[in-house]
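Protein chains in written order, with this note's numbering: chain A, 1 to 312; chain B, 1001 to 1534. Read the structure below first, then the notes.
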């Protein structure tokens, strides 16, 4: 009897000691550290103490490359979970792990192996406690992902700068498109008018993506902060419009605007040909071209598009 | 040959040679090589007319004959091909080019040759001199030697070539079996471009004015000339390939001028001019030219210093369109013009322009995106093009229904279950170009039919106006008073005059539209042919 009392006392002492150690090292302590600090503690008792702390929910068990880590659990969160049961804790853990990308309810079900009804109940519970929130994904508008309440949703979920409340902002994109093009075009014209040697002319008509980004930021037409990547996607659409061409040059690390030792240069270009001959005739643009035959309902002889075009 | 090509050829033959020839020609196009008896049997036209039509077709080089396939000695077979007939559409462009390069003389020479099919040099020179004299003032006439020198110049630059001597059926190597003879390529004959020694001394004769009405261009009447000039049996024809090379060069030069600037296009023009006769028509790129040579050959009006020329050449090489490439470092840098690549780029620009005009600039953006990135999923298309999902889907499906964009399925599982397959959108440039080419043929055929329809509608009015013009001309010739003239003029009422004017405008518009579509046809045809040989 006396033995067990001493054991209990020593257990609570060791518990306090370990908790103090944890508070000393907020990043976590390994088994080795505890052993060094309390060499008199037997491994069995040490294990018992740690288990007690874990079950009380005061310690976190983590694993790193060198072995197991024990860390003091945040007092606030432990108080939060006081009223919840283990299942809720599990679900909360899963959602926390998903970080700011969020996790879909079906995936929570797979990971926790809990039935759907339970999951839904737990999710509702957690939401009412304002521990998690649901965010609509921009990819599939019916899909909801859950993440911790105070986290900012990741760009892939909200769509980044181009989406505001799930709506693609086409006018915003159009405005940016035109502004970038005007900037590049005016730069090219200035270079052409400078009448210097052709090499200098061409080089001065180029603008790096960094320069364009600065120009757009200074214009202040965007309420959202745009990154250089965003500007590059806009410039790419201009390339697909055939108005701009891009080259990549090697740049020294550290020059402003360089990414991975490269810089992207853009410049406005002129179209290679005038609109081609066939589109100047009504047949080139005719919506019923396939149905047109001599002697049919729609034929060259009675074509109304031709009549209009001839009288033009 | 496709149905559209046959239809267009039929219309062209009808306009230029008449109904009967058109019938025989289209019949031959549709049924391949046939001998005389079969043609008569199947078209139901009399022997006489069929013979004459075949003569016309052979004269113009559209029909070739060869001994029968079944056995040597079997009746000769006749064959036509579409491309030669489609050239008829381009005659105005050939004549205009000759005019810009060699003046009125050159223009008339080419015009005469195109109309007659082939002629000897002496008859050409005489006819052209007569025509030129016609248009000159009283008392002046055109010397034969001037016309001869223009003719020689045309031959030197390969715009004209000798017709290959036609071997009569049976006089050819009787030893060899009758293989389906490929039409003899004119250039395989060594004398192709040799101007014969012709004694032509004289001046053009002015025709008397009352013979003016008789159209001296009536090809059916060949004037029997009693003089011989030493070049009997040597017939000349227009070298279409050479003209095509010239057009191709022009297209490349104007593209460079549009994309870069005037000076760069002059440099490219010089390079192309220097390699005119050294490059074969089907070459991928011209022979390498050193920068020194280019510098020496630049036109003197462009006084650019040597280092600046080097800079321009470097810029041309760096341009993403790759008009010019660098082939080596000797002689200050060896440069070539990438002909096939330039044609491919021009064809691509044509396709993009068609999509842009027909479907809008956002669809054009998707089209260009797919051309660059080859294969993309639906989601990726939306992201790269920055177009809202709903609209992007709509545009893609429209393009797909018009066959400008294709769908490629990549299954993840052996059963092609739709939920487990990747669907990628892609654009194939060559098949799309072919399809567009067929559409162009159909467009030209539509324009020609509309023009015929318009003239037919107003036939009565046209006849009336022609009669009145004839009356006026005869009255003027016989010296009538002004009142009589005005009285005759008033026979055409004002609304009729307006109608005539409108009709004239319509027909001009349709004509010029045909020429514009022909430019597109030329680009696409050159591109398709260049991929076939490479």
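We put the CB at the ideal spot given by N, CA and C, even for glycine. Note that the structure is predicted; figures quoted are calculated from it, not measured.
What would DSSP say about residue i, mapped onto helix, strand or coil?
i	result
residue 1318/B	helix
residue 311/A	coil
residue 1344/B	helix
residue 1213/B	Here residue 1213/B scores only 36 on pLDDT, less than 50, and its place in the model should not be relied on; the value that follows carries that caveat. If DSSP states are grouped into helix, strand and coil, residue 1213/B belongs with coil.
residue 1176/B	A caution first: residue 1176/B carries a pLDDT of 35, below 50, which makes its placement in the model too unreliable to give a value.
residue 1155/B	helix
residue 1410/B	strand
residue 289/A	helix
residue 303/A	coil
residue 1277/B	coil
residue 60/A	strand
residue 192/A	helix
residue 274/A	coil
residue 1427/B	coil
residue 1621/B	Shown here, chain B extends from 1001 to 1534; a query on residue 1621/B therefore has no answer.
residue 1045/B	coil
residue 91/A	helix
residue 1130/B	helix
residue 207/A	strand
residue 1163/B	coil
How long is the line joining the alpha carbons of residue i and residue j, rounded to whole angstroms?
i	j	result
residue 1005/B	residue 1520/B	15 Å
residue 1112/B	residue 1135/B	16 Å
residue 1060/B	residue 1249/B	27 Å
residue 1447/B	residue 1001/B	20 Å
residue 1362/B	residue 136/A	28 Å
residue 1152/B	residue 1122/B	12 Å
residue 1454/B	residue 279/A	22 Å
residue 1516/B	residue 1346/B	16 Å
residue 1352/B	residue 1282/B	25 Å
residue 1297/B	residue 1266/B	11 Å
residue 104/A	residue 1425/B	30 Å
residue 12/A	residue 227/A	55 Å
residue 1141/B	residue 1154/B	22 Å
residue 62/A	residue 72/A	11 Å
What residue range is occupied by the uninterrupted beta strand (DSSP E) comprising residue i?
i	result
residue 133/A	132-136
residue 247/A	244-250
residue 1063/B	1063-1066
residue 145/A	144-148
residue 264/A	262-268
residue 220/A	Neither: residue 220/A is in no beta strand (DSSP E) and is coded neither H nor E.
residue 1326/B	1324-1328
Which chain A residues sit within Cβ distance under 7 Å of residue i?
i	result
residue 1423/B	Going along chain A, no residue has its Cβ under 7 Å from residue 1423/B, so there is no contact; the nearest lies around 17 Å.
residue 1015/B	Chain A residues near residue 1015/B: none, gap ~15 Å exceeds 7 Å.
residue 1440/B	278
residue 1517/B	277, 278, 281
When you compare the CB positions of residue i and residue j, do they come within less than 7 Å of one another, or not?
i	j	result
residue 1290/B	residue 1325/B	no
residue 1079/B	residue 1062/B	no
residue 245/A	residue 269/A	yes
residue 1193/B	residue 1150/B	no
residue 1530/B	residue 1371/B	no
residue 1518/B	residue 1089/B	yes
residue 1118/B	residue 1055/B	no
residue 267/A	residue 206/A	yes
residue 1527/B	residue 1008/B	no
residue 1381/B	residue 1389/B	no
Quick one: which chain B residues come within Cβ less than 7 Å of residue i?
i	result
residue 242/A	1352, 1368
residue 294/A	1449
residue 186/A	Ordered by position in chain B, no residue passes the 7 Å Cβ test against residue 186/A, which lies about 18 Å from the chain.
Determine the extent of the alpha helix (DSSP H) in which residue i is found, giving its start and end residues.
i	result
residue 1030/B	1019-1031
residue 1091/B	1091-1116
residue 1293/B	1291-1297
residue 237/A	228-240
residue 1395/B	1389-1401
Using the beta-carbon of each residue, which ones in chain B are nearer than 8 Å to residue i?
i	result
residue 245/A	1320
residue 237/A	1365, 1384, 1385, 1386
residue 265/A	Within chain B, no residue comes near residue 265/A; the closest Cβ sits about 12 Å away, beyond 8 Å.
Which residues in chain A have a C-beta closer than 8 Å to the C-beta of residue i? List them in chain order.
i	result
residue 1041/B	Here the premise fails: no neighbours, minimum Cβ distance about 27 Å.
Would you check whether the ligand PLP has a heavy atom nearer than 6 Å to the C-beta of residue i?
i	result
residue 1124/B	Absence of the ligand PLP is noted for the structure shown, with no ligands found whatsoever.
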